[in-house]
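Encoded as structure tokens, the structure appears first; notes follow it.
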Amino acid sequence: MAQSVASSHATLRTTLVYDFMLVPGGAERVCLHLLETHPDWRLLTGFVDHQAFSDIRVPWSRVDALGRSVRHPARQALQVLRAFERRGTGLKETDRVLFSGVYAPVGVRHRPAGQDAYYCHTPPRFAYDLEDWYLERARAWERPALRRLAAHVRDRYAEALEAMGAVAANSHTVRRRLEHYLGVKDVTVIHPPVATAQWQWLGQEGYYLSNARVEPYKRVEWAVRSFMQLPEHQLVVTSGGSDLERLRALASGHANIRFTGWCDDATLKALTGNCIATLYLAREEDFGMAPIESMAAGKPVIGVAEGGLCETVSPPDTGRLLEPGLAGDTEALAAAILDLDPATALAMRPACEARAARFDACHFDAGIDRLMVTHCRQTP
Numbered sequence: 074m075a076q077s078v079a080s081s082h083a084t085l086r087t088t089l090v091y092d093f094m095l096v097p098g099g100a101e102r103v104c105l106h107l108l109e110t111h112p113d114w115r116l117l118t119g120f121v122d123h124q125a126f127s128d129i130r131v132p133w134s135r136v137d138a139l140g141r142s143v144r145h146p147a148r149q150a151l152q153v154l155r156a157f158e159r160r161g162t163g164l165k166e167t168d169r170v171l172f173s174g175v176y177a178p179v180g181v182r183h184r185p186a187g188q189d190a191y192y193c194h195t196p197p198r199f200a201y202d203l204e205d206w207y208l209e210r211a212r213a214w215e216r217p218a219l220r221r222l223a224a225h226v227r228d229r230y231a232e233a234l235e236a237m238g239a240v241a242a243n244s245h246t247v248r249r250r251l252e253h254y255l256g257v258k259d260v261t262v263i264h265p266p267v268a269t270a271q272w273q274w275l276g277q278e279g280y281y282l283s284n285a286r287v288e289p290y291k292r293v294e295w296a297v298r299s300f301m302q303l304p305e306h307q308l309v310v311t312s313g314g315s316d317l318e319r320l321r322a323l324a325s326g327h328a329n330i331r332f333t334g335w336c337d338d339a340t341l342k343a344l345t346g347n348c349i350a351t352l353y354l355a356r357e358e359d360f361g362m363a364p365i366e367s368m369a370a371g372k373p374v375i376g377v378a379e380g381g382l383c384e385t386v387s388p389p390d391t392g393r394l395l396e397p398g399l400a401g402d403t404e405a406l407a408a409a410i411l412d413l414d415p416a417t418a419l420a421m422r423p424a425c426e427a428r429a430a431r432f433d434a435c436h437f438d439a440g441i442d443r444l445m446v447t448h449c450r451q452t453p
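Just remember that my numbering sits 73 ahead of the position in the sequence shown, which is counted from 1.
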């Protein structure tokens with residue numbers, strides 16, 4: 074991958090600050106991309122699960138963690154918030170900082186106000202647009218604590234954003250959330266990096282691919298239940314998550330549905346390059362890098378017309394987007410799957426590849442470099 078033009082500013086000590094490296098998801102891959110394209114940068118993070126990244130090349134010598142790995146979501150939030158509040162004092166020693174994530178930005182309290190930049194993947198959704206959704210699914214005794222945690226996170230997050238010198242968002246969807254919930258108006262949109270040349274059309278092996286993390290808000294269950302009604306059509310569910318074992322049990326006895334769990338990068342690219350089409354049904358997705366990767370491999374996307382997919386997937390040329398009111402409707406999703414048969418999907422390959430090129434990593438690299446050069450001031 075070509076080195077970023079920001080390397081001309083190598084004399085400046087720059088730190089990228091992100092919540093934690095727990096799974097190789099989209100935000101984590103953005104961090105790794107920034108480390109690769111900026112070899113003079115360091116990453117400061119709350120904690121690292123090295124096992125989750127064992128198949129990925131990571132420059133660990135440039136990664137500093139403040140604590141130990143923890144998996145319970147509430148404990149994650151509190152531990153990481155406290156770590157950056159109390160132990161982020163080392164940020165005083167760096168010239169420039171690019172904050173990301175939803176907890177790590179509180180570390181800006183150790184910096185001169187208005188000096189650094191924030192790249193937002195989304196405001197903390199359990200504290201803003203999805204608070205009611207999480208409360209509905211929590212047990213009764215958990216709800217008071219969840220409300221208190223959400224209020225605590227909102228306060229800290231709002232304070233952090235007020236101290237930033239510049240704010241960028243990964244999509245227009247996230248830009249609108251920042252304006253609606255926090256009143257932030259001057260937001261630059263820089264779409265996340267996708268190395269489109271690394272995703273290739275390899276063939277059609279007769280299956281559809283669900284490539285979202287297996288979490289409730291990603292609505293993978295909707296795909297599973299739809300394919301339970303389509304025994305002649307194959308579904309491969311790749312990646313892992315908290316809902317994996319429950320969905321495996323749900324699909325037990327349906328030989329047309331297969332789960333891979335987390336897989337390495339080469340396997341994921343092979344699965345994508347050989348499928349008919351991909352399904353990405355996440356609820357109000359922030360942006361969604363997986364649909365871009367799918368289209369880069371010449372594969373159309375079946376999703377929902379909400380969130381970031383409205384910015385990336387262009388129906389009918391590069392996929393099918395169901396109306397939000399149809400979310401969870403297995404008959405509607407089954408109809409979209411049947412409509413996107415192998416011949417139709419194959420004919421969409423050129424349009425998919427062209428659409429993906431608009432989100433290639435080169436556009437992200439140029440945007441981040443402009444953000445850092447224009448808005449980040451060197452520590453006096």
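Using N, Cα and C, we set each Cβ at its ideal position, and we do this for glycine too. The structure displayed is predicted, hence computed values, not measured ones.
For residue i, the residue or residues it bridges with in DSSP
i: Gln307; result: Tyr280
i: Met421; result: DSSP, once it has assigned bridges, lists no residue as partnering Met421.
i: Leu117; result: Val90, Asp137
i: Gly392; result: Val374
i: Cys193; result: Ala242
i: Leu352; result: Ser283, Ile375
i: Phe172; result: Val90, Tyr191
i: Asp337; result: In DSSP, Asp337 forms no bridge with anything.
i: Asp205; result: DSSP, once it has assigned bridges, lists no residue as partnering Asp205.
i: Asp402; result: DSSP output for Asp402 lists no bridge partner at all.
i: Asp433; result: Val267
i: Val262; result: Ala242
Under the three-state DSSP convention, the category residue i falls into
i: Arg141; result: coil
i: Val247; result: helix
i: Thr167; result: coil
i: Arg331; result: strand
i: Phe126; result: helix
i: Ser312; result: strand
i: Ser325; result: coil
i: Pro185; result: coil
i: Val257; result: coil
i: Met445; result: helix
i: Trp214; result: helix
i: Val96; result: coil
i: Asp438; result: helix
i: Glu366; result: helix
i: Glu101; result: helix
i: His82; result: Below a pLDDT of 50, predicted positions are generally treated as unreliable, and His82, at 41, falls in that range; no measurement from the model is reported.
Beta-carbon spacing of residue i, residue j below 8 Å
i: Pro196; j: Val175; result: yes
i: Gly434; j: Pro266; result: Gly is not the amino acid found at residue 434; the sequence shown has Ala there. Their beta carbons are under 8 Å apart, which means Ala434 touches Pro266 by this criterion.
i: Pro397; j: Ala409; result: no
i: Ala355; j: Arg292; result: yes
i: Ser283; j: Glu384; result: no
i: Ile263; j: Gly440; result: yes
i: Thr403; j: Gln302; result: yes
i: Arg393; j: Leu419; result: no
i: His194; j: Leu164; result: no
i: Thr118; j: Ala138; result: yes
i: Ala190; j: Leu219; result: no
i: Leu203; j: Tyr290; result: yes
i: Ser173; j: Tyr201; result: no
i: Val287; j: Gly326; result: no
Between the CA atoms of residue j and residue i - distance to the nearest angstrom
i: Gly158; j: Gly98; result: Note that residue 158 corresponds to Glu in the displayed sequence, not to Gly. Cα-Cα distance, rounded: 25 Å.
i: Val136; j: Leu116; result: 5 Å
i: His111; j: Ala324; result: 44 Å
i: Arg141; j: Pro389; result: 46 Å
i: Tyr437; j: Val386; result: With the sequence shown as reference, residue 437 is identified as Phe, and Tyr is not the correct amino acid for it. So the two alpha carbons sit approximately 18 Å from each other.
i: Arg221; j: Gly380; result: 27 Å
i: Pro415; j: Pro423; result: 15 Å
i: Gly187; j: Val181; result: 9 Å
i: Thr88; j: Leu105; result: 13 Å
i: Leu148; j: Glu278; result: This sequence places Arg at residue 148; Leu is not what is there. Rounded to the nearest angstrom, the two C-alpha atoms are 42 Å apart.
i: Leu234; j: Ala268; result: 30 Å
i: Gly238; j: Thr167; result: 16 Å
i: Val153; j: Ala177; result: 7 Å
i: Glu232; j: Ala223; result: 14 Å
i: Asp442; j: Leu341; result: 29 Å
i: Trp295; j: Thr391; result: 21 Å
i: Cys458; j: Tyr353; result: Any property of residue 458 remains undetermined from this structure, which presents the chain solely from 74 to 453.
i: Ala242; j: Leu251; result: 9 Å
i: Arg86; j: Ala343; result: 38 Å
i: Thr333; j: Arg321; result: 10 Å
i: Ala100; j: Pro364; result: 15 Å
Counting Cβ pairs, one atom from each stretch, are 3 or more of them under 8 Å apart for the region 269–283 and the region 342–350? By the Cβ rule, the region 269–283 counts as touching the region 342–350, because three or more pairs are nearer than 8 Å.
Taking contact to mean 3 or more Cβ pairs, one atom from each stretch, closer than 8 Å, check whether the region 207–217 and the region 126–137 are in contact. The region 207–217, when compared against the region 126–137, does not touch it at the 8 Å Cβ threshold.
Is there contact between the region 223–242 and the region 252–259, where contact requires at least three CB pairs shorter than 8 Å? yes
When the Cβ atoms of the region 87–101 are set against those of the region 114–126, are three or more pairs found closer than 8 Å? In short, these stretches touch, since the Cβ pair count reaches three.
Contact between the region 331–338 and the region 354–368 is defined here as three or more beta-carbon pairs at a separation below 8 Å; is this criterion met? no
If contact is defined by three or more beta carbon pairs under 8 Å, each pair taking one atom from either stretch, is the region 364–382 in contact with the region 299–310? no
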